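Protein chains in written order, with the numbering used here: chain A, 16 to 329; chain B, 16 to 329.
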């Protein structure tokens, strides 16, 4: 048993909703995951969140709830204004959860809370870029020791820098965003292209067995030594590294930290990313090259950071 | 005559060195400009700076000197480490000028000082991106009211975000930087390409008269109504807008301010930049679109900001 206060941390992504009961040291006491509802409206997601909260509260005495959500969150009002990969719009998350649970609730962008977890519990870099690679790409910025949110909390949208204005369409509607090149969505697109190019190849065959080709198909194919699948990851990782370089060139950061679901693929993604980040680093002899590190909490940084943020505010 | 203390502000670019005597209100009392020496070593540039300082001091009682220099400046040591478009390396500007003049000297990146001038004397935007478009592209970041310099002053290098990893080579050695697409250097490259494509066209003919095709050739050709020249500016401006969008998408800024020598071409550059910045804005319905404005002090922001920074430090 833990002797500190407990919070529920909820991390809402484009594919799944991860929840945990977390103590003040960032220790996960209980956890649970649900798929993001296909109809990802505020109403549908609220229902999942409330059932997860109820389940956690049956066993744990929590004092507050923190939510990190993919998309543009008005701070500190906790209104989810818009998201590229989910349908929710102008969704008053904070108000709805506070009313239903009678607990204090805090809501922030998913990558901001992941950055908070990494900054407080990981290596304390005063200047750090955090990138979460999941369905989309989220960004958290720690500048001079502080999380940068922008005037109303809509800042640090690192996934939507432009890596090629003539590039593929992004979930946000633009073309050639970082997210369109180096996210889970991009991996799925590359995998489907590879399957279409080679219908007898392993990716296409594994996809046929599973009913559809997804990012997971490529991971499985890599595990079986498939060269095409390795090349897909090398390309995805290279784009990740170009985006990382672009961001590192701006800030003079101490480190670039990569979290989100895809970081679980480890060096498969990070090795080519690191190579490209070095290749595109600005003035490396004068500025050095910021290390590219997996998040200390891996894909868990979001739910842990959401809980820590909530505990900071009660 | 002015009743405030006076400083000399020096702005070292890739093409010219602009100097001024400036009072505490940012008023320019005297000014002078010299070409950047072809051999742009620290030694050669120091010689130009000292002769300019001597000339100013003959007529004005200045108390301090501020220098804004294109490149990577260690803060607050005032050592110019490296620059993409000038040859100086590991040049102890501050130490050399203090020794020769016996005045206090402060040295910062040219775009940082321009951002300071705009933030203090222009519209006071708490979150602002400043881009100086000259030989290269410089960047200044005002975040939550403060100039962001990075841990050792090497931050805010906005000209070296990557707009296309397969793009043209940049002065910094990388490929496809913002600076390689939307600077004076890029304008010259586009102009030379246009002249080569159409040797009987106006750009080629004006270039032949002047001895070489430069950015100025395109400006002259536009003034004579040349469609090719207009198309070159439209392309340059579009790239400027893509870079602006990329940066604005990160920060949630109140404004993007454009300074540097090329801003003197006005709407020729800014109209297509604004159009592209709107086209590539992330989530415009939720976040709005930051206005793209010419610097209040135009191409003078650098020397004025350098003087103001110096006056702040004595």
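Backbone N, C-alpha and C fix where the C-beta goes; we use that ideal spot for every residue, glycine too.
Keep in mind the model is a prediction, meaning the values are calculated, not measured.
{"Query": "Separation of residue 157(B) from residue 22(A), as counted between CA atoms", "Result": "35 Å"}
{"Query": "Under the three-state DSSP convention, the category residue 132(B) falls into", "Result": "helix"}
{"Query": "Three-way DSSP call (helix, strand, coil) for residue 184(A) in this model", "Result": "strand"}
{"Query": "Min CB distance residue 304(B) to chain A below 8 Å", "Result": "no"}
{"Query": "Residue of 59(A), 45(A), 80(A) minimising C-alpha distance to residue 114(A)", "Result": "80(A)"}
{"Query": "Contact list for the stretch 179 to 190 of chain B against chain A, Cβ threshold 7 Å", "Result": "179, 180, 187, 189"}
{"Query": "Span of the alpha helix (DSSP H) around residue 230(B)", "Result": "230 to 238"}
{"Query": "CB contact check: residue 266(B) to chain A, cutoff 8 Å", "Result": "yes"}
{"Query": "Cross-chain neighbours of residue 167(B) in chain A, by beta carbon under 8 Å", "Result": "267"}
{"Query": "Where the alpha helix (DSSP H) containing residue 106(A) begins and where it ends", "Result": "First-last for residue 106(A): undefined, no H or E at that position."}
{"Query": "Limits of the unbroken alpha helix (DSSP H) element including residue 21(A)", "Result": "From DSSP, residue 21(A) is part of no alpha helix (DSSP H) but of the beta strand (DSSP E) over 21 to 27."}
{"Query": "Under the three-state DSSP convention, the category residue 97(A) falls into", "Result": "strand"}
{"Query": "Alpha-carbon spacing of residue 36(A) relative to residue 25(A), whole angstroms", "Result": "9 Å"}
{"Query": "Cut-off 7 Å between Cβ atoms - residues of its own chain near residue 167(A), not counting five sequence neighbours on either side", "Result": "89, 90"}
{"Query": "Proximity below 8 Å, CB of residue 274(A) to CB of residue 316(A)", "Result": "yes"}
{"Query": "At least 3 beta-carbon pairs within less than 8 Å: the stretch 105 to 122 of chain A vs the stretch 63 to 73 of chain A", "Result": "yes"}
{"Query": "Partner residues on chain B for residue 330(A), Cβ-Cβ distance less than 7 Å", "Result": "Here chain A covers residues 16 to 329 and nothing more, so residue 330(A) does not appear."}
{"Query": "Inter-residue spacing [alpha-carbon to alpha-carbon] between residue 187(A) and residue 153(A)", "Result": "13 Å"}
{"Query": "Buried versus exposed call for residue 155(B) [16 or more other C-beta atoms within 10 Å across all chains shown]", "Result": "buried"}
{"Query": "Rounded distance between the beta-carbons of residue 82(B) and residue 122(B), thought under 8 Å", "Result": "4 Å"}
{"Query": "When 289(A), 189(A), 239(A), 52(A) are compared against residue 99(A), the one with the closest alpha-carbon", "Result": "189(A)"}
{"Query": "Inter-stretch contact (C-beta, 8 Å, three-pair minimum) for the stretch 241 to 251 of chain A and the stretch 133 to 143 of chain A", "Result": "no"}
{"Query": "Short CB-CB distance (under 8 Å) between residue 298(B) and chain A", "Result": "yes"}
{"Query": "Amino acids of chain B, ordered along the chain, whose beta-carbon sits closer than 9 Å to that of residue 97(A)", "Result": "298, 300, 301, 302"}
{"Query": "Residue 29(B) versus residue 214(A) - alpha carbon distance", "Result": "54 Å"}
{"Query": "Inter-residue Cα distance where the pair is residue 48(A) and residue 59(A)", "Result": "15 Å"}
{"Query": "4 or more residues per run - each alpha helix (DSSP H) lying fully within the stretch 198 to 222 of chain B", "Result": "199 to 212"}
{"Query": "Segment contact, 8 Å Cβ cut-off, at least three pairs: the stretch 159 to 176 of chain A with the stretch 257 to 266 of chain A", "Result": "yes"}
{"Query": "Proximity below 8 Å, CB of residue 292(A) to CB of residue 263(A)", "Result": "yes"}
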